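Just so you know, we're using my numbering here: the sequence shown kicks off at 5 and counts up by one.
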Amino acid sequence: MTVEIKKPISWKEFLGTLSEENLIQISRDYELFVKQSVIGECFLRSKANEWGNNIGCTHNVIMIMHDLAFYAYQYFANLYFAEHILSND
Numbered sequence: 005m006t007v008e009i010k011k012p013i014s015w016k017e018f019l020g021t022l023s024e025e026n027l028i029q030i031s032r033d034y035e036l037f038v039k040q041s042v043i044g045e046c047f048l049r050s051k052a053n054e055w056g057n058n059i060g061c062t063h064n065v066i067m068i069m070h071d072l073a074f075y076a077y078q079y080f081a082n083l084y085f086a087e088h089i090l091s092n093d
């Protein structure tokens, strides 16, 4: 019997599957979470659960939500930097 082992995709690959609209929604959901200290079912939580299942870490969805929001913010910071800072050379 052969057991197929699925290699988890990287954060970069995972985020590459999301549109800018998805990343904006992740940021909005995260800001709401920070403001209210509580969050129910939302896009951010569903993607964090999806990522947690991908890497085999389903017990700490809050940390995964934080990480996912960080990478969404980083994406937009890099975009801003490239468009507004580097373009002024």
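Glycine is no exception: its CB is placed at the ideal position from the N, C-alpha and C atoms. Everything numeric in this text was worked out from a predicted model, so none of it was measured.
Can you tell me which of the options puts its alpha carbon nearest to the alpha carbon of residue i?
i     : options                       : result
PHE18 : GLN29, ALA76, ILE43 and GLU35 : ALA76
VAL42 : LEU90, TRP15, ALA81 and VAL65 : VAL65
SER14 : TYR34, VAL38, ASN57 and ARG32 : ASN57
ILE28 : ALA81, GLU87, ALA86 and LEU90 : ALA81
HIS70 : GLY20, TYR34 and GLU24        : TYR34
Please state the DSSP three-state secondary structure of residue i.
i     : result
LEU36 : helix
ASN20 : Per the sequence shown, residue 20 should be read as Gly rather than Asn. If DSSP states are grouped into helix, strand and coil, GLY20 belongs with the helices.
VAL42 : coil
ILE89 : helix
ASN64 : coil
ILE13 : coil
Report yes if the C-beta of residue i is less than 7 Å from at least one heavy atom of the ligand SAM; otherwise report no.
i     : result
SER23 : Questions concerning the ligand SAM fall outside what the structure shown contains, since it holds no ligand whatsoever.
Quick one: is residue i buried, meaning 16 or more other Cβ sit within 10 Å of its Cβ, or exposed?
i     : result
TYR84 : exposed
PHE37 : buried
If you drop the 5 nearest sequence neighbours on each side, which residues of the same chain put their C-beta closer than 7 Å to that of residue i?
i     : result
LEU72 : ILE30, LEU48, LYS51, ALA52 and TRP55
Looking only at its chain, what residues have a beta carbon closer than 6 Å to the beta carbon of residue i, apart from the 5 residues adjacent to it on each side?
i     : result
ILE68 : ALA52, TRP55 and GLY56
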